[in-house]
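Q: Sending over a structure as structure tokens; questions will come in a sec.
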Ligand SMILES: Nc1ncnc2c1ncn2[C@@H]1O[C@H](COP(=O)(O)OP(=O)(O)OP(=O)(O)O)[C@@H](O)[C@H]1O
Ligand SMILES: [Mg+2]
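Here it is, written out as structure tokens:
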């Protein structure tokens, strides 16, 4: 069991973390979402699969843009709605990051036609919007993030780690994001919260 520090409406709260495979937090602005994405992007490794689920306009692409920036993507991430798959590289090494929009992908047959199997079998990092469209072809080990529109500029993030690699990734994200909220200047935004304790009670 670990301790994290979160910020809830201006008050700092230390909380026990009972579920190492879950993390929840709320963003109060697109900039906040992007900065939280940037922190995750810094932690990604070859072969990681990150699934971003949420309704139209939830903030998947805004969050992805941050993830891409943190990873070091060239060119910067934009919405892959029309091309479905965008391939990115970075200056520091040979890694590739694929940003995929599955909104118009209907099942495994379609997934084949955009080369999804090859992407998932490769050492590339994969970032998927609308992953629920292709559930059956996704690896069971992954980080799944649901983004819920809380009204106005509030977006609630629910992260679920499936598999050891992603539990480790989430632990590092929790640490990094928790620390960054000490420096976060947007007092209108609620910071990182870990609600996992709630799900235990
Ligand atoms: N806290 C927030 N985080 C992210 N986006 C926000 C937030 N508040 C407002 N927004 C707005 O919500 C919209 C999110 O758009 P975005 O393209 O990221 O959604 P999406 O989930 O990728 O949608 P789609 O399924 O159409 O691809 C943007 O217009 C953004 O400015
Ligand atoms: Mg999008």
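Residue numbers (my numbering): 1425 to 1625. Heads up, the beta-carbon is just placed ideally off N, CA and C, and yes, glycines get one too. The structure presented is a predicted model; accordingly, all values stated were derived computationally and were not measured.
From the DSSP output, in three-state form, read off residue 1430 for me.
A: Caution is warranted here: a pLDDT of 45 is assigned to residue 1430, below 50, making its placement in the model unreliable, and no coordinate value can be reported.
Q: Please report the straight-line C-alpha distance between residue 1481 and residue 1516, rounded to a whole angstrom.
A: For residue 1481 and residue 1516, the distance between alpha carbons rounds to 32 angstroms.
Q: If we require 3 or more residues per run, which beta strand (DSSP E) segments fall completely within the region 1502 to 1562?
A: Correct list: 1509 to 1514, 1520 to 1525, 1549 to 1553.
Q: Beta-carbon within less than 7 angstroms of residue 1494's beta-carbon, same chain only, minus the 5 sequence neighbours each way: which residues are those?
A: Same-chain partners within the cutoff: 1461, 1462, 1463, 1464, 1465, 1466.
Q: For residue 1509, tell me which candidate among 1470, 1549, 1487 has the shortest Cα-Cα distance.
A: Out of 1470, 1549, 1487, 1549 has the C-alpha closest to the C-alpha of residue 1509.
Q: Taking the DSSP output, what are the residues bridged to residue 1571?
A: 1581, per the DSSP bridge assignment.
Q: Apply the 10 Å Cβ neighbour rule to residue 1498 and answer buried if 16 or more other Cβ atoms are within range, or exposed otherwise.
A: So residue 1498 counts as exposed.
Q: For residue 1443, which three-state DSSP category applies?
A: Coil.
Q: Apart from the five residues on each side of it in sequence, which residues of its chain come closer than 7 angstroms, Cβ to Cβ, to residue 1560?
A: Result list for residue 1560: 1532, in chain order.
Q: Can you tell me where the alpha helix (DSSP H) holding residue 1460 begins and where it ends?
A: Start and end: 1454 to 1467.
Q: Residue 1580: which of 1536, 1544, 1570 sits nearest, CA to CA?
A: The candidate whose alpha carbon is nearest that of residue 1580 is 1570.
Q: For ligand 2, is there a heavy atom less than 7 angstroms away from the beta-carbon of residue 1502?
A: No, ligand 2 has no heavy atom inside 7 angstroms of this Cβ.
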